[in-house]
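Q: I am attaching a structure below and will ask some questions about it afterwards.
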Amino acid sequence: MTNSATITHRGLHPKEAATLHEELKSTPNILGFTIRELLRLRDVQVAEVEGAFAGAALTMDLPFGWTEIAAVYVLPDYRGSGLGASLLRAAWDRAVSRERHLYMLSRNAQIVEWMRGQGMTIGCPMFAPFAVQIWMPIYMTSWHRHKEAWRKSKEISKCPRMVQGIKKHT
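Next up, the structure:
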């Protein structure tokens, strides 16, 4: 991570949420969030470089003591500096400090390797924890995510399959 980067646990500001909303449209790996959803999230690690928004890690508490690290995104101008790994670590450490079970879903090879390095059990999303099975239909009812899934469907079909990572608090 660059020396001038800071990571802060806070909600997104409106301009940051709008930027992230637009940026998430560029990746097939994340179906995204509406600006309103992004502004409602409170468990966010926000990266700034010299005061400018550089990226974020979004986490959501699910039922039964589970936390999902739902998205990690670094704006293109700030990639390659280790900022993504720092955001992941900050989100992970916060969940662990709160004694939460952790869940991640990704098709990004770097993220999957990171999940393995954290001792997560890697597997098929069909066998997700019950808390995720309850949450996922609610999450997917968003019209925005349906539109994004349709719009990104060709690109998604060329991507590696989605895998989940599970780490239970002990």
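When you line the sequence shown up against the numbering used here, it's residues 125 to 294, in that order.
Note that the Cβ used here is the ideal one computed from N, Cα and C, for glycine as well.
In three-state terms, what does DSSP make of I193?
A: Assignment of I193 by DSSP, reduced to helix, strand and coil, places it in the strand class.
Q: At what residues does the alpha helix (DSSP H) containing A252 begin and finish?
A: No alpha helix (DSSP H) contains A252, which DSSP labels as neither H nor E.
Q: Applying the 10 Å Cβ sphere with the 16-neighbour rule, what's the burial state of H270?
A: By the neighbour-count rule (16 or more Cβ atoms within 10 Å), H270 is not buried but exposed.
Q: Could you name the residues of the same chain whose beta carbon sits closer than 6 Å to that of G289, not counting the 5 residues immediately before and after it, in chain order?
A: M228, M239, M244, I246
Q: Going by the beta-carbon positions, is the gap between L186 and V196 smaller than 8 Å?
A: no
Q: Nearest-angstrom Cα distance between K139 and R213?
A: C-alpha separation (whole angstroms): 24 Å.
Q: Is the segment 152 to 167 close to the segment 130 to 137, with three or more CB pairs under 8 Å?
A: yes
Q: Expressed to the nearest angstrom, what Euclidean distance is found between the alpha-carbon atoms of D205 and V198?
A: Checking the sequence, you will find Ser at residue 205 rather than Asp. Going from the Cα of S205 to the Cα of V198 covers about 10 Å.
Q: At 4 residues or longer, and completely inside the segment 200 to 269: list those alpha helix (DSSP H) runs for me, N to C.
A: Segments of the alpha helix (DSSP H) lying fully in the segment 200 to 269: 207 to 221, 233 to 241, 254 to 263.
Q: Where do the ends of the alpha helix (DSSP H) carrying T151 lie?
A: Careful: T151 lies outside any alpha helix (DSSP H) and carries neither H nor E.
Q: Alpha carbon to alpha carbon, how far is M250 from Q242?
A: 21 Å
Q: Just tell me which of M260, A181, I131, A129 has its CA closest to the CA of L144.
A: Answer by Cα proximity: A181.
Q: Have a look at S281, K149, H225, R203 and flag the residue whose alpha-carbon is nearest the alpha-carbon of K291.
A: Taking only the C-alpha atoms, the option nearest K291 is H225.
Q: Looking only at DSSP bridge pairs, what is A141 linked to?
A: DSSP output for A141 lists no bridge partner at all.
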